[in-house]
Structures are given as C-alpha cells and as structure tokens.
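Report on the structure given below.
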Amino acid sequence: MQLFYKYRKPKEGEIVMTEYGRARISRILLYNDVIEEMRQDRKSHKEIEHFDLRIKHFLRKKSRYFECELIYPDDEVGRIDWSEYLAIKNKGNG
C-alpha cells in the first residue's frame, strides 16, 4: 500500500503513457466530482451506492479516489481512475 501513497496525487499537466499513447492530464476529478457527474448523468441511486461500496472496499476512504481526464495529441479525450494511474506509474510509463 505504500506505493499508493507515493503516487496518490497526480498533477494537472502531467504526461502519462497509456495503452493508447501519450496523454496529458487535463483535469483531476475527486470522489465528490465523480458522484456529482453520476447524478447529472441520471445514474440511479443504486448505481451510485454500488460505486460507493466499491470505493470503500478497495480504498477504505473516499478521499483517496480520483479520476484523471486525459487529452491525447489528436485532441481525443479519455479518462483513467486511480488504479489505472497507479498501474501506469508503477510500470514506469508515467
């Protein structure tokens, strides 16, 4: 779990190498941002509750959750979550 803390906070503007190529982190969404987005997308209460339970199970604290919005050189937008970010960093591709 120590590696989690080492790479816990990505930075906007950071460059990462994903399976789709090189991308720049354009925005970091925290747990509450993601929940608000789910509500705006009209996800059901049950879907949001299941998401919440998964986060609690894997991270134990909601405050550890984040997603990174990525922009690729061709202006394609993607997103990765905390686990994908850490996998990239731990592989040495970040």
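The sequence shown begins at 57 in this note's numbering and counts up by one. Each residue gets a CB set at the ideal place from its N, CA and C atoms; glycine is no exception.
Asked	Found
Any idea what DSSP makes of D130, helix, strand or coil?	coil
Which same chain residues, not among the five before or five after K118, have their C-beta less than 6 Å away from its C-beta?	Y87 and I111
Less than 8 Å between CB atoms is the rule here; does I136 satisfy it with respect to chain C?	The chain inventory of the structure shown lacks chain C, comprising one protein chain alone.
Taking DSSP as the reference, what is the three-state secondary structure of D97?	coil
Confirm, please, whether the CB-CB distance from V90 to E140 is below 8 Å.	no
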